[in-house]
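Participant:
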Amino acid sequence: MQARSALFDLYGDHLRARGGRAPVAALVKLLAPLGIAPPAVRTAVSRMVRQGWLEPLRLTSGPGYSITPKAARRLDEAAARIYRTGRHNWDGRFDLLVLEAPASRRDRQRLAANLTFLGYGTLDDCNWVATRPGEDVDVLLAESGVRYERFTAAHVAGTPGAVAVVRRAWDLAEIGRAYERFVAEQKPLLAGVTVRSSDEEAYAARFQLVHAWRTFLFRDPQLPPALLPERWPGTSAASFFDRHAARLRPAADRYVEHCLDASNRLARQKGR
Numbered sequence: 007m008q009a010r011s012a013l014f015d016l017y018g019d020h021l022r023a024r025g026g027r028a029p030v031a032a033l034v035k036l037l038a039p040l041g042i043a044p045p046a047v048r049t050a051v052s053r054m055v056r057q058g059w060l061e062p063l064r065l066t067s068g069p070g071y072s073i074t075p076k077a078a079r080r081l082d083e084a085a086a087r088i089y090r091t092g093r094h095n096w097d098g099r100f101d102l103l104v105l106e107a108p109a110s111r112r113d114r115q116r117l118a119a120n121l122t123f124l125g126y127g128t129l130d131d132c133n134w135v136a137t138r139p140g141e142d143v144d145v146l147l148a149e150s151g152v153r154y155e156r157f158t159a160a161h162v163a164g165t166p167g168a169v170a171v172v173r174r175a176w177d178l179a180e181i182g183r184a185y186e187r188f189v190a191e192q193k194p195l196l197a198g199v200t201v202r203s204s205d206e207e208a209y210a211a212r213f214q215l216v217h218a219w220r221t222f223l224f225r226d227p228q229l230p231p232a233l234l235p236e237r238w239p240g241t242s243a244a245s246f247f248d249r250h251a252a253r254l255r256p257a258a259d260r261y262v263e264h265c266l267d268a269s270n271r272l273a274r275q276k277g278r
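Just so we're aligned, residue 7 is where the sequence shown starts under the numbering used here, counting upward by one.
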């Protein structure tokens, strides 16, 4: 697990609801159970500051970092998709982007990753589609300096035609297999966390679970049921995730509060 990715998970799943800020000491303590060393945490924090995701601030407990408005939007969008709190009824129309691909390979890869995160699939290097408009897509393309046109489109063949577009834009068979692997890999790890486990153990297991589930934000556009294959593996995987994420949440919350309180207590002792 990379420190930068873990920090996004930490802020999104635990700190966003607690004001979106935390002292450095707490960040280090909260990522330690994941095997992430303090130098890696500080390096990742500095990188996220440069990229506009975090901003430094002075807390009563010492130096800390808060999410920026840009990060808050991204984390809220991710949370809605991770926990599927936002329901979207499909009206049969696609959001279609026709763009001029960046010249450099690195810029093309970065743009592709960001568009995929927003739920777009690629028909080719210049044409992308989504079943719902990405709220930040115009901002993303403007910041990338990419020239583009954006359309709302409906297939003349109705749902069968739309299904064909979806099969072209996304490899649903591979996404389905990824969901099956997710459940198979997580089952033995989660089975070892019981009511007798410590809060730290439950926190670490839940963190790993959410971190693994979060990767589907870059794979699965969460298509409308009418466009999905029958017996879609993502449905049972989502139920599996919901059940265990909810089961481990109370213990994980206790551990987060313990780490935040410990940082505050240490700061008060140093200030005496």
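Ideal placement from N, C-alpha and C gives every residue a C-beta, glycine not left out.
1) Take the Cβ of residue 57 as the centre, count every other Cβ of all protein chains shown within 10 Å, and call the residue buried at 16 or more, exposed below.
2) Can you list, in chain order, the residues of its chain whose CB lies under 7 Å from that of residue 278, leaving out five sequence neighbours each side?
3) Answer with buried or exposed for residue 95, where buried requires no fewer than 16 other C-beta atoms within 10 angstroms of its C-beta.
4) Measure from the alpha carbon of residue 18 to the alpha carbon of each residue in 208, 84, 197 and 126, then state which is nearest.
5) So, residue 209 versus residue 258, is the Cβ gap smaller than 9 Å?
6) If you draw a straight line from the C-alpha of residue 163 to the C-alpha of residue 243, how long is it?
7) On the CB-based measure, 16 or more other CB atoms within 10 Å of its CB, does residue 135 come out buried or exposed?
8) Quick one: using the 10 Å Cβ neighbour count with 16 as the cut-off for buried, is residue 12 buried or exposed?
9) Between which two residues does the alpha helix (DSSP H) containing residue 120 stretch?
10) Take residue 113 as the anchor and find which of 101, 131 and 100 has the nearest alpha-carbon.
11) Buried or exposed for residue 101, please, with buried defined as at least 16 other CB atoms from any protein chain shown within 10 angstroms of its CB.
12) Looking at the secondary structure, which residues open and close the beta strand (DSSP E) in which residue 158 lies?
13) Kindly list the residues whose CB is nearer than 6 Å to the CB of residue 186, restricted to its own chain and excluding five residues on each side of it in sequence; keep chain order.
14) Would residue 267 be called buried (16 or more neighbouring beta carbons within 10 Å of its own) or exposed?
15) Please report the distance separating the alpha-carbon of residue 151 from that of residue 157.
16) Short of 8 Å in beta carbon distance, which residues of its chain neighbour residue 42, apart from the five on each side in sequence? Order them along the chain.
17) Is the beta carbon of residue 37 closer than 9 Å to that of residue 47?
18) Please tell me whether, using a cut-off of 8 Å, the distance from the CB of residue 236 to the nearest non-hydrogen atom of the ligand FMN is below it.
19) To the nearest angstrom, how far is it from the Cα of residue 261 to the Cα of residue 219?
20) Here's the rule: buried if 16 or more other CB atoms are within 10 angstroms of the residue's CB, otherwise exposed. What is residue 256?
21) What are the uninterrupted segments assigned as alpha helix (DSSP H) that are 4 or more residues long and contained completely in the region 166-231, given in chain order?
22) Per DSSP, what kind of secondary structure is residue 73 in: helix, strand or coil?
23) Over the uninterrupted alpha helix (DSSP H) stretch that includes residue 3, give me the two end residues.
24) Note down, in chain order, each residue of its chain lying with its Cβ closer than 7 Å to the Cβ of residue 53, except the 5 sequence neighbours on either side.
25) Should residue 140 and residue 129 be called a contact, given that it needs their Cβ atoms to be closer than 9 Å?
26) Since residue 141 is in the alpha helix (DSSP H), which residue starts that stretch and which ends it?
27) Residue range of the beta strand (DSSP E) that residue 99 falls in?
28) So, at 8 Å on beta carbons, what are the nonlocal neighbours of residue 24 in its own chain, with the 5 sequence-adjacent residues on each side left out?
Facilitator: According to the structure shown:
1) By the 16-neighbour rule on beta-carbons within 10 angstroms, residue 57 is exposed.
2) Confidence in residue 278 is poor, its pLDDT being 48 and thus under 50, which makes the residue's placement too unreliable to answer from.
3) exposed
4) Answer by Cα proximity: 84.
5) Yes. Within cutoff.
6) 31 Å
7) buried
8) The residue in question, residue 12, is buried, as its Cβ has 16 or more Cβ neighbours within 10 Å.
9) 111-123
10) 131
11) buried
12) 154-160
13) 239
14) exposed
15) Each residue's Cα considered, the two are about 19 Å apart.
16) 7, 9 and 12
17) Cβ distance < 9 Å, so residue 47 and residue 37 count as in contact.
18) As far as ligands go, the structure on display features none, and thus does not contain the ligand FMN.
19) A direct Cα-to-Cα measurement between residue 261 and residue 219 gives close to 21 Å.
20) Exposed, by the Cβ-count rule.
21) 178-197 and 205-220
22) strand
23) Not covered by the structure: residue 3. The range shown for the chain is 7 to 278.
24) 10
25) no
26) Looking at the DSSP string, residue 141 is not in any alpha helix (DSSP H), and its letter there is neither H nor E.
27) 99-105
28) 262 and 266
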